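One structure is given below, encoded as structure tokens.
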Amino acid sequence: MSQGSASKPAIARKSSGLSGTVRIPGDKSISHRALILGGLASGETRIFGLLKGEDVLNTGKVMQAMGAVIRKDGGAWIINGTGNGALLAPEVSLDFGNSGTGVRLTMGLAGVYDFDTVFTGDASLSQRPMGRVLDPLRRMGVQVKAVEGDRLPVILRGPETPAPIRYTLSVASAQVKSAVLLAGLNVPGVTTVIEPAITRDHTEKMLAGFGAELSVKTDKHGTRTIQLQGRGRLTGQIIDVPGDPSSAAFPLVAALLVPGSDITISNVLMSPTRTGLILTLQEMDADIEILNRRLAGGEDVADLRVRHSELTGVTVPAERAPSMIDEYPVLAVAAAFAKGRTVMNGLQELRFKESDRLSAIAQGLKLNGVECEEGQDWLSVTGRPDGKGFGNAAGERVVTHLDHRIAMSFLVMGLASEHPVGIDDSSMITTSFPQFMDLMESLGAKIEQA
Numbered sequence: 001m002s003q004g005s006a007s008k009p010a011i012a013r014k015s016s017g018l019s020g021t022v023r024i025p026g027d028k029s030i031s032h033r034a035l036i037l038g039g040l041a042s043g044e045t046r047i048f049g050l051l052k053g054e055d056v057l058n059t060g061k062v063m064q065a066m067g068a069v070i071r072k073d074g075g076a077w078i079i080n081g082t083g084n085g086a087l088l089a090p091e092v093s094l095d096f097g098n099s100g101t102g103v104r105l106t107m108g109l110a111g112v113y114d115f116d117t118v119f120t121g122d123a124s125l126s127q128r129p130m131g132r133v134l135d136p137l138r139r140m141g142v143q144v145k146a147v148e149g150d151r152l153p154v155i156l157r158g159p160e161t162p163a164p165i166r167y168t169l170s171v172a173s174a175q176v177k178s179a180v181l182l183a184g185l186n187v188p189g190v191t192t193v194i195e196p197a198i199t200r201d202h203t204e205k206m207l208a209g210f211g212a213e214l215s216v217k218t219d220k221h222g223t224r225t226i227q228l229q230g231r232g233r234l235t236g237q238i239i240d241v242p243g244d245p246s247s248a249a250f251p252l253v254a255a256l257l258v259p260g261s262d263i264t265i266s267n268v269l270m271s272p273t274r275t276g277l278i279l280t281l282q283e284m285d286a287d288i289e290i291l292n293r294r295l296a297g298g299e300d301v302a303d304l305r306v307r308h309s310e311l312t313g314v315t316v317p318a319e320r321a322p323s324m325i326d327e328y329p330v331l332a333v334a335a336a337f338a339k340g341r342t343v344m345n346g347l348q349e350l351r352f353k354e355s356d357r358l359s360a361i362a363q364g365l366k367l368n369g370v371e372c373e374e375g376q377d378w379l380s381v382t383g384r385p386d387g388k389g390f391g392n393a394a395g396e397r398v399v400t401h402l403d404h405r406i407a408m409s410f411l412v413m414g415l416a417s418e419h420p421v422g423i424d425d426s427s428m429i430t431t432s433f434p435q436f437m438d439l440m441e442s443l444g445a446k447i448e449q450a
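Using full-length UniProt numbering, the letters of the sequence shown correspond one by one to residues 1 to 450.
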């Protein structure tokens, strides 16, 4: 899919009560991993509910470039993988567009192979740091060539025999953990990752499901030790991808903020490593009812009934950040309509997302009349429950910095603000949530291209 489309400004206006039942597209994190492991495993993998966003589709193209055969058959994506250790040297650069997850995980997967692999991306991705993934790969013997610092484009070449490592995560990052484990698949011996703070665990679950020899132990302090035996056999699987909680966050917060709203969001992933936003909103007195809890493909899922609520400001602890790192932009919007002050701590990771997401949030809030303060790793928002004065009567637009979550969050803000809220570009929303506009409009939201 095209990465160079023209910008599409959009505007959101004060809306009446939202209503209806919607199903959220497949989880982005699980979709990436399903394509990667399906492309590597022996035999056939069938994936249902795959997110058809540009980021995920780019990961699929990359796996095809390294030998996987992928086709769509009705509602399923069918993959015939190469077999573990049998990826082919790509004949072209691997272009990940805007996907940080795709590029970082694939650096781990392919970087240890004894051939050159060139990793590229769009202008936004090329500004994002890759060092935290490249450092453990260097310890495995991978040669790294980068044009500027540890940013794309990057060329990786693995040694003839990569070495397993024992690696302690210095930051709570599921991408770094996953990259090291995926590298360990083609490394003889045992690769060990030590995780002092728990992060999303989809990679471990899926590796075990595909047949990897893997163990996870948690000590009394909550530190997890993950050990993976390299060069084992992976076998194709059937995967049903649950709905993405990061995408569900947008209609969920919109329903909380727009008076008279009552919506149901079905089939949402409820992994404890991903539900920080729901927990925080419930602490803020949000009316979120969790219905029909069940297991699907080894993951916890449920339906969420969400009604308009009078929110109250809270302090969000730093240790919760890994379970909701992508949801802080829309939480900040919710906080703008809460009574009192909301303080969010431990946000340093937001400075390394699609944009400097922390600054982008603060700038967008201030442009639209919200009182907030930004620190190096924290954000404070003082709310105004009636939304009076919010929005931008002069028509100034939020600068999204090519960041899909900034774009969607501020469109949600406009649904409950006195004045419209505009964004400079909505085109990048397709990277993670192609149905966003249509889904929100189906609930009654007033969002349109500017």
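Quick reminder that beta carbons are idealized off the backbone N, C-alpha and C, glycines included. Predicted, not measured: the structure shown is a model, and the values here were computed from it.
Where Met-344 is concerned, the enclosing beta strand (DSSP E) starts and stops at 341–345. With 16 or more other Cβ atoms inside 10 Å of its own Cβ, Ser-432 counts as buried. DSSP, read as helix, strand or coil, puts Thr-106 in helix. With respect to Arg-132, Val-171 sits close: the two C-beta atoms are nearer than 9 Å. Looking only at Arg-128, Ser-266, Gly-297 and Glu-418, the smallest Cα-Cα distance to Arg-104 is reached by Arg-128.
With a cutoff of 9 Å on beta-carbon distance, Met-440 and Ser-426 are scored as not near each other. Taking a contact as a CB-CB distance under 8 Å, the pair Gly-276 and Leu-228 does not count as one, their CB atoms being some 26 Å apart. DSSP, read as helix, strand or coil, puts Pro-153 in strand. As the crow flies, the alpha-carbon of Leu-402 is around 28 Å from that of Trp-77. Look at the beta carbons and you see the segment 290–304 not touching the segment 215–228: under three pairs across the two are nearer than 8 Å.
The C-alpha of Phe-337 is placed about 38 Å away from the C-alpha of Ala-179. Inclusion of Asp-55 and Pro-245 in the CB contact set at 9 Å is not warranted, their separation being larger than that value.
Apart from sequence neighbours up to five positions away, the residues of its chain that approach Pro-420 with a beta-carbon distance below 6 Å are Ile-11, Arg-13, Gly-391 and Gly-414, ordered along the chain. Annotation for Ala-407: Thr-400, Ile-423, Ser-426 and Ile-429 place their beta carbon closer than 6 Å to its own, counting only its chain and skipping 5 residues before and after. A distance below 8 Å between beta-carbons, with the five flanking residues on each side excluded, links Thr-280 to the following residues of its chain, in chain order: Val-314, Val-316, Arg-320, Met-324 and Leu-331. Runs of the beta strand (DSSP E) lying entirely within the segment 336–416 and spanning at least 3 residues, in chain order: 341–345, 371–374 and 378–382.
Secondary structure of Gly-184 (DSSP, three-state): helix.
In the three-state scheme derived from DSSP, where H, G and I count as helix and E and B as strand, Leu-269 is classed as strand. In terms of Cα proximity to Glu-310, the closest of Met-206, Ala-254 and Gly-53 is Ala-254. Looking at the backbone, the Cα of Gly-149 and that of Glu-91 are separated by about 25 Å. Counting along the chain, the unbroken alpha helix (DSSP H) around Thr-203 starts and ends at 202–209. According to the DSSP secondary-structure assignment, Lys-145 is paired through a beta bridge with Ile-155. With fewer than 16 other beta carbons inside 10 angstroms of its own, Gly-298 counts as exposed. Rounded to the nearest whole angstrom, the CA to CA distance from Arg-46 to Glu-448 is 36 Å. Judged by their CB atoms, Gly-43 and Asn-80 are nearer to each other than the 9 Å cut-off. By the neighbour-count criterion, in which a residue is buried when 16 or more other Cβ atoms sit within 10 angstroms of its Cβ, Lys-177 is buried. Around the C-beta of Leu-295, fewer than 16 other C-beta atoms lie within 10 Å, and the residue is accordingly described as exposed. Where Thr-45 is concerned, there is no enclosing alpha helix (DSSP H), although the beta strand (DSSP E) around it starts and stops at 44–48. Looking at Asn-345, Met-344, Leu-257 and Glu-349, the one whose alpha-carbon comes closest to that of Arg-307 is Leu-257.
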